[in-house]
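What follows is a single structure, written as structure tokens, with notes after it.
There are 2 protein chains.
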Amino acid sequence: MINFFLYNWQVRDEWFQWCQQLSIEELLKCRTGGAGSILYTLFHIIDVEYSWIRGIQRKEDRIFSFEDYKTLEKIEMLSTKLRNELLEFLTSHKEFNDEAVTVAWDENEYTKNDILHHVIVHEIHHMGQLSVWAREIALHPVPVNYIGRDFKSYFKG
Amino acid sequence: MINFFLYNWQVRDEWFQWCQQLSIEELLKCRTGGAGSILYTLFHIIDVEYSWIRGIQRKEDRIFSFEDYKTLEKIEMLSTKLRNELLEFLTSHKEFNDEAVTVAWDENEYTKNDILHHVIVHEIHHMGQLSVWAREIALHPVPVNYIGRDFKSYFKG
Chain A
688 MINFFLYNWQ
698 VRDEWFQWCQ
708 QLSIEELLKC
718 RTGGAGSILY
728 TLFHIIDVEY
738 SWIRGIQRKE
748 DRIFSFEDYK
758 TLEKIEMLST
768 KLRNELLEFL
778 TSHKEFNDEA
788 VTVAWDENEY
798 TKNDILHHVI
808 VHEIHHMGQL
818 SVWAREIALH
828 PVPVNYIGRD
838 FKSYFKG
Chain B
688 MINFFLYNWQ
698 VRDEWFQWCQ
708 QLSIEELLKC
718 RTGGAGSILY
728 TLFHIIDVEY
738 SWIRGIQRKE
748 DRIFSFEDYK
758 TLEKIEMLST
768 KLRNELLEFL
778 TSHKEFNDEA
788 VTVAWDENEY
798 TKNDILHHVI
808 VHEIHHMGQL
818 SVWAREIALH
828 PVPVNYIGRD
838 FKSYFKG
């Protein structure tokens, strides 16, 4: 399961890199479908991932406001910071089970295993949307193949 | 791992259902980004999934031509047919390992485990693209949340 997260994070970093060619207006421009803008999509996947994985740990949700992160640099810093915390948790808990947890923002119970699946799928889905928006502004999207990647760098240092 | 496939297939079926409201012209219309048209995207994910999973089994690739499947009904039938074969294989081989395989259309070796990850990600990514195209024609896309789904129906009958 961890490899899906490493994949998502590597692709996310490549989108951060890709975004550097765009102006802040282009990054914040409201687009058709998806979460709205490119920058908000990146914020949203980070926020959703972090919230659910805190939920698995039965930790209280932390609320982040997009208003506080409306630049590429701020969102990338947030991503890196929260991810370090998640990586530590995910690599030290390799077995996830069907134990049910509840979270503050949803009235249903979900298993830890289902939540992990949900978070993984959520990010890949939104990255697919970014790829259409990229073509709409006549740019090549980030290549998202899973095979051929190397995730060793996450475990260095 | 199997649950990601069951998720993808359920979402795929919901897209088939969703597509019924569109004319064949709309389904075949070339769109910006992604694989080109809605119908071709559906054909493409089926074809890619089947080819790679035959590769894992060291079976020869079967070539399908989109020209032979240019209606929603034909593509849905192809999906159902190939999926039954894949379901049998995937549920009888629960442990995938780092054994390397080669396939006819790629010069590199990949592990069976990486190929499964690749196929799962590939479909979710393309479904994200369909969701943007749906909004572009002012329709609600298929909801793609992972949590809250029930996959038991795949194991009935």
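Order-wise, the sequence lines are chains A and B. Per our numbering, the first sequence starts with residue 688, numbered consecutively. Per our numbering, the second sequence starts with residue 688, numbered consecutively. Note that beta-carbon positions come from the ideal geometry of N, C-alpha and C, so glycine has one too.
Beta-carbon proximity check, residue i vs residue j, cutoff 8 Å
i      : j      : result
B/Q816 : A/V819 : yes
A/D801 : B/I807 : no
A/A821 : A/H827 : yes
A/G720 : B/E823 : yes
A/I733 : A/L769 : yes
A/R642 : A/S766 : Any answer about residue 642 of chain A is impossible in this case: the structure gives chain A only from 688 up to 844.
B/Q744 : B/F776 : yes
C-alpha distance - residue i paired with residue j, whole-angstrom precision
i      : j      : result
B/A825 : B/L726 : 18 Å
B/A791 : A/A791 : 49 Å
B/A872 : A/E712 : Residue 872 of chain B is absent from the structure shown; chain B starts at 688 and stops at 844.
A/Y737 : A/E763 : 14 Å
B/N771 : B/Y841 : 9 Å
A/Y797 : A/W739 : 10 Å
B/G723 : B/T758 : 15 Å
A/F783 : A/I750 : 25 Å
A/A754 : B/L715 : What sits at residue 754 of chain A in the sequence shown is Glu, not Ala. A/E754 and B/L715: Cα-Cα distance of roughly 40 Å.
Paired residues, beta bridge with residue i - DSSP
i      : result
A/T789 : A/E796
Chain D residues whose Cβ lies nearer than 7 Å to that of residue i
i      : result
A/M764 : Considering every chain present, this structure includes no chain D. Its protein chains are A and B.
Burial state of residue i (16 or more Cβ within 10 Å)
i      : result
A/M814 : buried
B/N832 : exposed
B/N695 : buried
Below-8 Å beta-carbon distance, residue i vs any chain B residue
i      : result
A/A821 : yes
A/V831 : yes
A/H804 : yes
A/Y841 : no
CB contact check: residue i to chain A, cutoff 8 Å
i      : result
B/G720 : yes
B/Q816 : yes
B/L771 : Inspection of the sequence shows that residue 771 of chain B is occupied by Asn rather than by Leu. For B/N771, the answer is no, since every Cβ of chain A falls outside 8 Å of its Cβ.
B/V808 : yes
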